[in-house]
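Undergrad: For the numbering used here, add 72 to where a residue sits in the sequence shown, where the first one is 1.
Input: one structure, supplied below.
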Amino acid sequence: MFVSRIGRALSSQPVSLICRQCVCMMSTASPDGLYKLLDTGDNVGNSIPEAMFSLYNADAVCFDVDSTVINEEGIDALAEYLGKGEEVAELTKQAMDGDTKFQDALQMRLDIMKPSKSQIETLLDEQPLVLTDGVANLVKSLHEKNVDVWLVSGGFRIMIEPVAEILNIPTSHIVANQILFDDNGEYKGFDKDEPTSRDMGKPKALEQIKAKNCYETMVMVGDGATDAQAKPPAAAFIGFGGVVEREAVKEKADWFVLSFDDMTKIVRMRPN
Ligand SMILES: [Mg+2]
């Protein structure tokens with residue numbers, strides 16, 4: 073109640089005063105300080121000040137891709153393109169509800185689609201995946217503050233690489249599933265050694281990323297229950313509901329946002 077009042081009070085202040093307070097916050101940032109500065113009165117989450125503070129201090133932010141960085145599920149878009157939309161959507165739903173092991177669901181969906189390399193390339197050419205509102209701005213702001221950005225996805229690397237390129241994220245910062253093709257570019261299977269091809273793949277992926285890069289504070293952002301599993305090793309899980317609002321994710325999130333702009337405000341307060 074108290075912090076809500078401060079948030080509303082701040083939002084009614086002249087811009088110059090807010091800016092002075094932001095500058096002050098840069099040198100004395102604290103979880104409660106950030107929360108007081110940014111509270112809109114209707115923030116949702118289990119540990120919002122701490123999540124804001126983790127984002128403020130993060131040396132790496134890991135994003136889920138489907139329904140987070142892009143505004144749809146890439147595998148469903150591929151299935152639709154190949155005329156297997158309904159069959160695959162049902163398996164995707166089962167996988168997300170936890171009724172099927174992730175690796176089994178992935179195998180079944182790929183076995184139905186058997187996508188060739190050229191089919192995927194043609195799809196991406198004709199119907200490029202669309203970025204979610206605000207994500208480009210957030211990623212740019214993170215890069216400007218020298219924060220590493222990673223894409224950690226149960227989707228397919230071949231479909232994510234063009235997205236990463238638009239966002240200036242190096243391919244070395246993508247952890248995703250690798251579809252295997254034969255010499256003629258026909259579907260041959262998928263790489264079962266990728267951590268994201270299995271249940272609990274996201275925490276495993278983040279563990280590997282953290283160990284390899286000696287990150288101290290990682291933040292995971294995503295729309296799904298598998299993203300919430302990434303804490304730990306992530307210091308905070310920020311649930312994203314701008315594409316799909318999932319109650320189960322809202323319940324697990326340290327901070328649940330409907331717009332990436334809320335996160336960008338925190339990032340911009342970081343000292344350079
Ligand atoms: Mg997702």
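The beta-carbon is built from N, C-alpha and C at its ideal position, and this holds for glycine as well.
Quick one: which unbroken alpha helix (DSSP H) runs of 4-plus residues sit fully inside the region 155-224? Chain order, please.
TA: Listed in chain order, the complete alpha helix (DSSP H) runs (minimum 4 residues) inside the region 155-224 are 157-169, 174-185, 189-198, 207-216.
Undergrad: Taking three-plus beta-carbon pairs below 8 Å as touching, is the region 189-197 in contact with the region 316-327?
TA: By the Cβ rule, the region 189-197 does not count as touching the region 316-327, because fewer than three pairs are nearer than 8 Å.
Undergrad: Distance check for K212 and A130, CA to CA, integer angstroms please.
TA: 15 Å
Undergrad: Could you give the first and the last residue of the continuous alpha helix (DSSP H) run that contains Y287?
TA: Element bounds for Y287: n/a, residue is neither H nor E.
Undergrad: Relative to the C-alpha of S139, which candidate in L330, A302, D295 has its C-alpha closest?
TA: D295
Undergrad: Taking the beta carbon of T298 as the centre, do at least 16 other beta carbons fall within 10 Å, making it buried, or is it exposed?
TA: buried
Undergrad: Can D136 be considered in contact with ligand 1, in the sense that its beta carbon sits closer than 7 Å to one or more heavy atoms?
TA: At least one heavy atom of ligand 1 is nearer than 7 Å to the Cβ of D136, so yes.
Undergrad: Rounded to whole angstroms, what's the CA-CA distance from P121 to N344? Just pull it up for me.
TA: 21 Å
Undergrad: The beta strand (DSSP E) with N249 in it runs from where to where?
TA: 246-249
Undergrad: Measuring from the CB of S139, is there a heavy atom of ligand 1 at a distance below 7 Å?
TA: yes
Undergrad: Taking all protein chains shown into account, decide if K173 is buried (16 or more other Cβ within 10 angstroms of its Cβ) or exposed.
TA: exposed
Undergrad: If you follow the alpha helix (DSSP H) that K260 is part of, which residue opens it and which one closes it?
TA: The continuous stretches of alpha helix (DSSP H) do not include K260, which lies in the beta strand (DSSP E) extending over residues 259-262.
Undergrad: In this structure, does DSSP put V141 in helix, strand or coil?
TA: coil
Undergrad: So the candidates are A277, V235, L109, K186; which of them puts its Cα closest to the Cα of C134?
TA: A277
Undergrad: In terms of residue numbering, what span does the beta strand (DSSP E) encompassing A101 cover?
TA: Following the DSSP letters along the chain, one finds A101 in no beta strand (DSSP E), marked with neither H nor E.
Undergrad: For M292, which residues does DSSP report across the bridge?
TA: In DSSP, M292 forms a bridge with C134, F309.
Undergrad: Under 7 Å: does the beta carbon of G296 sit that close to some heavy atom of ligand 1?
TA: Within the cutoff, so yes.
Undergrad: Should L252 go down as buried or exposed, given a rule of 16 or more other Cβ atoms within 10 Å for buried?
TA: exposed
Undergrad: Short check: CB of K274 to CB of Q250, under 8 Å?
TA: no
Undergrad: Is S225 buried or exposed, if buried means 16 or more other CB atoms sit within 10 Å of its CB?
TA: buried
Undergrad: Report the rounded CA-to-CA distance for I232 versus S102, giving the unit in angstroms.
TA: So the alpha carbons of these two residues sit roughly 35 Å apart.
Undergrad: Leaving out five residues on either side along the sequence, give the residues of the same chain with a beta carbon under 7 Å from the beta carbon of D104.
TA: P121
Undergrad: When the distance is taken between beta carbons, is V141 closer than 8 Å to L195?
TA: Not a contact, by the Cβ cut-off of 8 Å.
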